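Numbering (the working numbering), first residue to last: 2 to 213.
Single-structure report; data block below.
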Ligand SMILES: Cc1cc2nc3c(=O)[nH]c(=O)nc-3n(C[C@H](O)[C@H](O)[C@H](O)COP(=O)(O)OP(=O)(O)OC[C@H]3O[C@@H](n4cnc5c(N)ncnc54)[C@H](O)[C@@H]3O)c2cc1C
């Protein structure tokens with residue numbers, strides 16, 4: 002999982018590179034794969050948040066009757082529970098397809114854990130969209146470690162879409178994000194703390210995007 006070093010990933014899909022850098026440790030990234038991270042389907046899987054933001058599609062292949070059959074599943078429909086996906090037992094994930102981001106695209110990834118390395122996310126946030134002035138269009142927002150699956154956030158996306166990202170709008174959007182996530186209490190953080198982190202970091206990230 003050394004996508005963080007790929008010039009293509011760095012150039013076109015920087016938020017995926019930023020997330021890949023935060024997976025486990027260099028040793029684990031040297032042997033682990035993005036496909037494994039996706040099929041593992043952890044709600045806290047680090048590459049899943051940027052892949053959702055980037056409208057990724059999983060290509061699944063099987064050979065039911067002697068010839069290979071493939072199907073594409075939008076990643077937003079791939080995860081159905083912790084460790085559970087729509088992949089059938091006889092299917093292999095053979096590709097992840099990503100559309101090329103349009104001109105003016107900006108993306109951001111943020112992960113918070115309780116250690117600086119080898120850490121499982123307490124929350125993760127991804128944003129993407131085309132920036133024009135201080136508005137984002139084609140907005141995508143995804144969260145990790147705050148629901149049974151890594152989640153797209155349609156209410157937050159609708160609030161971001163086309164809004165002039167001034168301080169009042171950003172505060173309103175951050176509150177919607179806090180209310181949209183569905184975290185639990187566990188060893189890494191309480192549900193309350195996760196919601197407050199989502200609100201504060203959404204506000205900070207959108208403020209940063211608006212000043213780009
Ligand atoms: C110490 C440690 C720390 C970790 N820290 C993190 C972390 O910070 N962030 C994070 O996101 N993850 C973390 N992980 C989890 C793990 O490293 C990642 O999920 C990794 O990407 C798994 O990749 P892999 O190729 O080794 O998959 P495997 O572990 O080999 O596979 C995972 C599952 O997916 C299935 N699978 C794998 N590839 C395919 C495929 N192509 N088609 C169908 N099924 C497939 C396997 O059968 C298995 O059920 C950590 C793991 C360890 C051990």
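Glycine included, every Cβ here is placed at the ideal spot set by N, Cα and C.
These figures come from a predicted structure and were not determined experimentally.
Nearest-angstrom beta carbon gap, residue j and residue i [assumed within contact, 8 Å]
i           : j           : result
residue 20  : residue 50  : 6 Å
residue 71  : residue 78  : Their Cβ separation, rounded to whole angstroms, is 16 Å, which puts residue 71 and residue 78 out of contact at 8 Å.
residue 46  : residue 151 : 6 Å
residue 196 : residue 184 : 6 Å
residue 136 : residue 165 : 6 Å
residue 97  : residue 35  : 6 Å
residue 73  : residue 58  : 5 Å
residue 153 : residue 143 : 5 Å
residue 53  : residue 17  : No, residue 53 and residue 17 are not in contact; Cβ-Cβ is about 11 Å, not under 8 Å.
residue 177 : residue 207 : 11 Å between Cβ atoms; not a contact.
residue 56  : residue 100 : 6 Å
residue 140 : residue 158 : 5 Å
DSSP beta-bridge partners of residue i
i           : result
residue 190 : Its beta-bridge partners do not exist; DSSP assigns none.
residue 207 : BP columns for residue 207 are empty, so no partner.
residue 98  : 58
residue 198 : Paired residues: none, contrary to the question.
residue 93  : 62
residue 86  : 80
Cβ shell of residue i (< 6 Å), same chain only, five flanking positions each side left out
i           : result
residue 95  : 60 and 62
residue 69  : 62
residue 179 : 196, 199 and 200
residue 186 : 192
residue 160 : 174 and 177
residue 33  : 2
residue 23  : 47 and 112
residue 211 : 135 and 166
residue 38  : 46 and 48
Contact set for residue i: own chain, Cβ-Cβ below 8 Å, skip 5 residues either direction
i           : result
residue 148 : 44, 182, 183 and 184
residue 209 : 109
residue 41  : 84
residue 138 : 130, 131, 162 and 163
residue 202 : 111, 113, 124 and 126
residue 213 : 107 and 132
Residues of its chain near residue i, where Cβ-Cβ distance is below 7 Å and the 5 sequence neighbours each way are ignored
i           : result
residue 118 : 26
residue 121 : 45, 114 and 189
residue 15  : 108
residue 133 : 105
residue 6   : none
residue 80  : 42, 86, 150 and 151
residue 204 : 171, 172 and 175
Check: If you scan the segment 104-187 from start to end, which runs of the alpha helix (DSSP H) of 4 or more residues do you find wholly inside it?
Finding: The segment 104-187 is shown to contain whole alpha helix (DSSP H) runs of 4 or more residues at 155-161 and 168-181, in chain order.
Notebook entry, point to check: What residue ranges within the segment 47-84 form continuous beta strand (DSSP E) runs of no fewer than 3 residues, ordered along the chain?
Noted result: As far as the segment 47-84 is concerned, its whole beta strand (DSSP E) runs of at least 3 residues are 58-63, 70-75 and 80-82.
Margin query: Pairs of beta-carbons, one from the segment 122-129 and one from the segment 84-93, closer than 8 Å: are there three or more?
Written below: Touching, no.
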